[in-house]
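The listed protein sequences correspond, in order, to chains F and U. For the first sequence, my numbering begins at 7 and goes up steadily by one. For the second sequence, my numbering begins at 3 and goes up steadily by one. Here is the structure we will look at.
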Amino acid sequence: MAKYIIKRVLISIPVLIGVVFVIFFMLNVVPGDPVTLMMGEHIKPDLIEAFRERMGLDDPFIVQFFNYLKNALQGDFGMSYKLKREVSDLIFQAFPQTVKLTLSAAMVAWLIGIPSGIIAAVKQNTLIDRGFMTFSLMGVSMPVFWAGLLMQYVFAYKLGWLPVTGYKTWQSFIMPSIVLGWSSAGTIARLTRSNLLEIMKNDFIRTARAKGLRETTVVVGHALKNAMLPVVTMMAIQVSSLLGGAVMTESIFGIPGLGRVAVSAIGDRDMPLLQGTIIFTTMLIIAGNLIADLMYSVLDPRIRCE
Amino acid sequence: MSEQQNNAELLKITDLKTHFFTHKGVVPAVDGVTLEIPKRQIVGVVGESGCGKSVTAMSILQLISRPGRIVSGSIRLDGKELVGAGIDEIRELRGNKISVIFQEPMTSLNPVYTVGRQVSEAITTHQQVSKQEAKQRVIDIFKAVGIPEAEKRFKAYPHQLSGGLRQRVMIGMAMVCRPQLLIADEPTTALDVTIEAQILHLMKQLESDFGTSIMLITHNLGVVAEVCDYVYVMYAGKIMEQANIFDLFDHTGHPYTKGLLQSIPKPMAEKQRLYNIKGMVPNLLRLPKGCRFCPRCEFAMQECHEHEPELYDAGNQHLVRCFLYKNGGEPA
Ligand SMILES: Nc1ncnc2c1ncn2[C@@H]1O[C@H](COP(=O)(O)OP(=O)(O)OP(=O)(O)O)[C@@H](O)[C@H]1O
Ligand SMILES: [Mg+2]
């Protein structure tokens, strides 16, 4: 088990370096001089030259990349052009909000998705099943911004139950996490349902019934753990879609998280800041995948024993 | 029938019909089966693949799932009716008074739990015992069914065990509550000949030690000859012949049974081959009009194509569903 964990962690290192490389390449080699872009057209050429040299922008690409990597490994992602602050500081200020938002959205997704999937499977082809599945389809197909505005209108503006925007109280996270988690909840509910129905056809389910177990024990005790295996994989994939959705959600609800930082970095053409947030988000995704993988191996002895 | 043994009867199935309601039509997998299992006996059920042996067995514990359903008939355990009984009542029997060894050892165990846990569960579901005691009993039963290193194997996951060991685990699970009736659906098909002999010995011992009755479903008439007291021969959802083990081999009645006997594999042959009576098992959706076997029967008469024969009494609890026995005793 420990060996498996170490192996998985080691595998993610080259993945991370590869991702940094691709991001760095895309943001630095694509046409357009970042300095001109940043400073505007009407700056004296010698000033630009001096700046380029200070930032090491005239070095060959590969040298720039390794310098960046070396600094990044020490937690130094450079300076924000626009805000004139350490990128790492800005990220560390923003990322707790994003983590809070994604984790609570994930909670919403699991706590709603898994039980509704189970209930829909057990009550297959009944009205309850159809109701749950319609609700989850709505979650999957409703765009985040639309659901967000709708909820703001109803619960904040009309009913006044919750704050419209903000991030300082836990109440202000309720709507954002529901909006963000709903679509994942829908996906998880559908996957849980279909897996559970598939698993229930297995011979070992008949064995469990033949032992005299209650149907609830058969479903929750014997089928669910097997059915959760693909769902856990799905959750790993959803870490990235949740983080992606967080960009939109943060903008709608005024949460100063990584998404907001990235969006304003794009607007300001603030290359180091954009680069830093993307790489940091990638790290979060890789970590999420790692956790999901470990959960998988806890659930499935066949992987654990390899 | 002359002898009445009502008091020694454990299970009595009367005119059981279990049908599958598929979109292609109704499949009468079990079509009016009457069968008795006396106390302390090993009763064999034989027949070609697809003739309804497993469905009959699964009907007893109501383990038939959709689109299948018991349509009519009666199943009595110690005189108590099971058809129409509540699910709680049936659950109380499952794994406790009646247990099953399934045909598919490779897939009948849950891959995500240890085998020890899965067998313990059979005990703790029906009895108030401590975890420790349950574990000890599982280890004991593992030893009894010949699983080497039983303590170590308690913690093993199914994928870590060979097919033979998994089947032993299944047998252990079925025996651990000392059932009154053990339904063994081809328990030794997946095992090699030596292990098969050990398992059969074990089952015989269970019968003699605890008075467990056994319903043994098999393809292998050699196995039947070795352990069974009485045998039912099934074909296309119906009982074609029933007799005690000596009459079945020495005074074989039905042409179908004769065919089965002729296709017993040679004792020395390594792999068992399937029966090869000429022709094919009929499609249950389109059964022939008269006797179900007559398209394949070399003795078929005009009558056989027109009417379905009943079970005729050939004496000594020997019944044959064949017009040759219409007048009882020896073939006409
Ligand atoms: N789920 C199902 N849907 C439709 N028909 C079914 C279903 N399960 C079983 N049957 C039918 O029931 C018949 C009897 O099946 P059963 O499993 O009892 O055969 P068997 O005698 O046990 O054969 P084998 O020796 O291969 O195990 C088969 O012919 C099959 O067509
Ligand atoms: Mg079968």
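The beta-carbon is built from N, C-alpha and C at its ideal position, and this holds for glycine as well. Please read all numbers here as calculations on a predicted model, not as lab measurements.
Legend entry - Delimiting residues of the alpha helix (DSSP H) encompassing Met277/F: 277-305
Inset, instruction - Say yes only if the C-beta of Thr190/U is nearer than 7 Å to one or more non-hydrogen atoms of ligand 1, and no if none qualify. - result: no
Inset, instruction - Sort out for me which residues DSSP pairs Gln103/F with in a bridge. - result: DSSP, once it has assigned bridges, lists no residue as partnering Gln103/F.
Inset, instruction - For Ala69/U, verify whether its CB is less than 7 Å away from any heavy atom of ligand 1. - result: Just to set this straight, residue 69/U is Pro in the shown sequence, not Ala. Yes, since a heavy atom of ligand 1 falls inside the 7 Å radius drawn around the Cβ of Pro69/U.
Inset, instruction - Step through the CB atoms of chain U and report whether any lies within less than 8 Å of the CB of Phe30/F. - result: no
Legend entry - Nearest-angstrom Cα separation, counted from Ser303/F out to Ile309/F: 6 Å
Legend entry - chain U contacts made by the region 8-19 of chain F, where a contact means CB separation under 8 Å: none
Inset, instruction - Note down, one range per segment and in chain order, each alpha helix (DSSP H) of at least 4 residues found wholly within the region 57-103 of chain U. - result: 89-95
Legend entry - Three-way DSSP call (helix, strand, coil) for Ala31/U in this model: strand
Legend entry - CB contact check: Ile292/F to chain U, cutoff 8 Å: no
Legend entry - Minimum Cβ-Cβ distance from Pro181/U to chain F less than 8 Å: no
Inset, instruction - Count the other CB atoms, across all protein chains shown, that sit within 10 Å of the CB of Ser51/U; report buried if there are 16 or more and exposed otherwise. - result: exposed
Inset, instruction - Please list the residues of the region 107-136 of chain U that have a C-beta atom closer than 7 Å to any C-beta atom in chain F, keeping them in chain order. - result: Thr109, Ser110, Leu111, Asn112, Pro113, Val114, Glu123, Ala124, Thr127, His128
Legend entry - Beta-carbon neighbours of Asp276/F, restricted to chain U and to distances below 8 Å: Under the 8 Å cutoff, chain U gives no residues; its nearest Cβ is about 49 Å from Asp276/F.
Inset, instruction - Within 10 angstroms of the Cβ of Met241/F, are there 16 or more other Cβ atoms? Answer buried if so, exposed if not. - result: buried
Legend entry - Distance cut-off 7 Å: Val114/F Cβ against heavy atoms of ligand 1: no
Legend entry - Cβ-Cβ distance between Leu16/F and Ala111/F below 8 Å: no
Legend entry - Neighbour list for Leu65/U in chain F, Cβ cutoff strictly below 7 Å: Arg212, Arg215, Ala216
Inset, instruction - Say whether chain U places a C-beta atom closer than 8 Å to the C-beta of Arg220/F. - result: yes
Inset, instruction - Flag Ala31/U as yes when its Cβ comes closer than 7 Å to any non-hydrogen atom of ligand 1, and as no otherwise. - result: yes
Legend entry - Min CB distance His25/U to chain F below 8 Å: no
Legend entry - Partner residues on chain U for Asn208/F, Cβ-Cβ distance less than 8 Å: Thr109
Legend entry - In chain order, each beta strand (DSSP E) run of at least 3 residues that lies wholly inside the region 173-208 of chain U: 183-187
Legend entry - Other residues of its chain near Ala115/F: CB distance less than 6 Å, five sequence neighbours each side excluded: Gly187, Ser190, Ala191, Ile194
Inset, instruction - Assign Thr171/F to one of three DSSP states: helix, strand, or coil. - result: coil
Inset, instruction - Can you give me the Cβ contacts of Pro69/U inside the same chain, cut-off strictly under 6 Å, excluding the 5 residues immediately before and after it? - result: Phe22, Phe23, Thr24
Inset, instruction - Mind checking which residues open and close the beta strand (DSSP E) that includes Ile258/F? - result: Premise fails: Ile258/F lies in the alpha helix (DSSP H), 230-259, not in any beta strand (DSSP E).
Inset, instruction - Please say whether Leu96/F and Leu107/F have beta carbons closer to each other than 8 Å? - result: no
Legend entry - Proximity test, Val57/U beta-carbon vs ligand 1 heavy atom, cut-off 7 Å: yes
Legend entry - Any chain F beta carbon closer than 8 Å to Val102/U: yes
Inset, instruction - Return the Cβ separation of Glu228/U and Arg42/U in integer angstroms, given the expectation that the two are a contact with Cβ distance under 8 Å. - result: Between Arg42/U and Glu228/U the Cβ distance is about 17 Å, and since that is not below 8 Å, they are no contact.
Legend entry - Burial state of Met234/F, where buried means 16 or more other Cβ atoms lie within 10 Å: buried
Inset, instruction - Count the other C-beta atoms from every protein chain shown that fall within 10 angstroms of the C-beta of Pro121/F, then say buried if there are 16 or more, exposed otherwise. - result: exposed
Inset, instruction - Express the C-alpha separation of Pro113/U and Gly166/U in angstroms, rounding to a whole number. - result: 16 Å
Inset, instruction - Give a yes or no on whether the C-beta atoms belonging to Val150/F and Thr255/F are separated by under 8 Å. - result: yes
Legend entry - Assigned exposure category for Leu8/F - 16 Cβ within 10 Å defines buried: The identity of residue 8/F in the sequence shown is Ala, whereas the question assumes Leu. Counting Cβ neighbours within 10 Å, Ala8/F comes out exposed, since fewer than 16 surround it.
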